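Peer 1: Numbering (the numbering used here), first residue to last: 258 to 575.
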Ligand code: AMP
Ligand code: MG
């Protein structure tokens, strides 16, 4: 243990830690974030150290209101403004041209910056008390499933970060939708709770995600790293995928009927609940030494798109 990790329920107290240059995990509607003051380089470095995050993976900058976006981004296009009007605050990150003062540590050397304005009331109060915009990736060890509750943050980062602002289990449970607005037309970089159809209702020409090969020399550098993976092996199942059989101690998560013999199961009522519970279920399976987790593929509708993306990446991660 390097540092004492303080737990608090007070957004103001958590913000006071952050304003002093410390690392603070906080709840949002997508997943928990690990934040620092964007203007304090030494603090930004602490994030990469605590998470074991590769330095070429940029951080998302969190703001408390749309008006604050201009502090970190420049040349904001009309289409970006339309998306902000419709979806801020909410589970959407926009990639915009950065203001020159924004540290290249935050953007991993890119000329763009990812900006998000969360909707979660505790996150908003916390950000309101922070003196500057907050650079924050997900609050988990690099490569592990994102944390969707404060206990998961504690499990990964106790002794490595200064403070955890406790809140509820993240309502959505998957990371934000990312749209690149630094080029016209904008392009979806990462699927999330806000789907392509919803985005296209606002910006009809918005492009879908690029082919996987492009992610290998990616616009969104984080997409090339293994993500969302528990220690257990992930196998996709359901229509068009494999069956649920394997020699090891197994678990199952999905929407239909759990197979017989699975040691741990999680049957969800709909894709929203599946997303909400997925990452915590992965962590539970690791604690219970599960060898294989069978994940039923949901239909590619609504948040099902983002879920399929995360499940596929988790399956590739091993
Ligand atoms: P995380 O918050 O842990 O999901 O990580 C943030 C993700 O946002 C990274 O993996 C990047 O792929 C993406 N991101 C952040 N900033 C940018 C940017 N300027 N351009 C493209 N993608 C970005
Ligand atoms: Mg992450």
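No residue lacks a Cβ here, since even glycine has one placed at the ideal position from N, Cα and C.
The structure displayed is predicted, hence computed values, not measured ones.
(1) Would the beta-carbon of residue 346 fall within 8 Å of that of residue 302?
(2) Hey, how far is the Cα of residue 412 from the Cα of residue 467?
(3) Would you grab the beta carbon distance between residue 429 and residue 396 for me? Rounded to a whole angstrom, and I think it's under 8 Å.
(4) Measuring only from the beta carbon, is residue 296 closer than 7 Å to any heavy atom that is part of the ligand AMP?
(5) Taking all protein chains shown into account, decide if residue 362 is buried (16 or more other Cβ within 10 angstroms of its Cβ) or exposed.
(6) Just how far apart, CA to CA, sit residue 461 and residue 455?
(7) Within this structure, are the beta carbons of residue 391 and residue 465 separated by less than 8 Å?
(8) Quick one: is residue 566 buried, meaning 16 or more other Cβ sit within 10 Å of its Cβ, or exposed?
(9) For the ligand AMP, is there any heavy atom lying closer than 7 Å to the beta carbon of residue 370?
(10) Counting C-beta neighbours from all protein chains within 10 Å, is the total for residue 285 16 or more, i.e. buried, or is it exposed?
(11) Once you ignore the five residues that flank residue 558 on each side, which residues in its own chain have a CB closer than 7 Å to its CB?
(12) Between residue 363 and chain B, is any beta-carbon pair separated by less than 8 Å?
(13) Just list the alpha helix (DSSP H) runs in the stretch 493-549, keeping only unbroken ones of 4 residues or longer that don't cross its boundaries, in chain order.
(14) If residue 288 sits next to residue 349, beta carbons under 8 Å apart, how far is it from one beta carbon to the other, in whole angstroms?
(15) Taking DSSP as the reference, what is the three-state secondary structure of residue 435?
(16) Specify whether the stretch 399-419 and the stretch 367-380 touch according to this definition: at least 3 beta carbon pairs, one from each stretch, less than 8 Å apart.
(17) Residues bridged to residue 551 by DSSP?
(18) Could you pull out every residue in the same chain whose Cβ sits closer than 8 Å to the Cβ of residue 260, ignoring the five residues on either side in sequence?
(19) Pull up the DSSP beta-bridge partners for residue 331, would you.
(20) Quick check on residue 359: does DSSP put it in helix, strand or coil?
(21) What do you reckon, are the CB atoms on residue 318 and residue 295 nearer than 8 Å?
Peer 2: Let's see:
(1) Here residue 346 is not near residue 302, since their CB atoms are 8 Å or more apart.
(2) Their Cα atoms are separated by approximately 34 Å.
(3) Rounded to the nearest angstrom, the Cβ distance from residue 429 to residue 396 is 15 Å, too far for a contact under 8 Å.
(4) Distances taken from the Cβ of residue 296 to the heavy atoms of the ligand AMP include none shorter than 7 Å.
(5) Its Cβ being crowded by 16 or more others within 10 Å, residue 362 is buried.
(6) Approximately 10 Å between the Cα atoms of the pair.
(7) Cβ distance not < 8 Å, so residue 391 and residue 465 don't count as in contact.
(8) Buried is the call here.
(9) Result yes, Cβ under 7 Å from the ligand AMP.
(10) Flag for residue 285 reads buried.
(11) Annotation for residue 558: no residue places its beta carbon closer than 7 Å to its own, counting only its chain and skipping 5 residues before and after.
(12) Although the question refers to chain B, the structure presented lacks it and comprises just one protein chain.
(13) Inside the stretch 493-549, DSSP marks whole alpha helix (DSSP H) runs of 4 or more residues at positions 528-544, from first to last along the chain.
(14) 14 Å between Cβ atoms; not a contact.
(15) Assigned with DSSP and collapsed to three states, residue 435 falls in strand.
(16) Contact between the stretch 399-419 and the stretch 367-380 is absent, because fewer than three Cβ pairs lie under 8 Å.
(17) In DSSP, residue 551 forms a bridge with 492, 509.
(18) Sequence-distant partners of residue 260 (beyond 5 residues in either direction) whose C-beta falls short of 8 Å from its own C-beta, in its chain, are 416, 417, 418, 419.
(19) Bridge partners of residue 331: 354.
(20) Of the three classes helix, strand and coil, the one that applies to residue 359 here is coil, per DSSP.
(21) By the CB criterion at 8 Å, residue 318 and residue 295 fall inside the cutoff.
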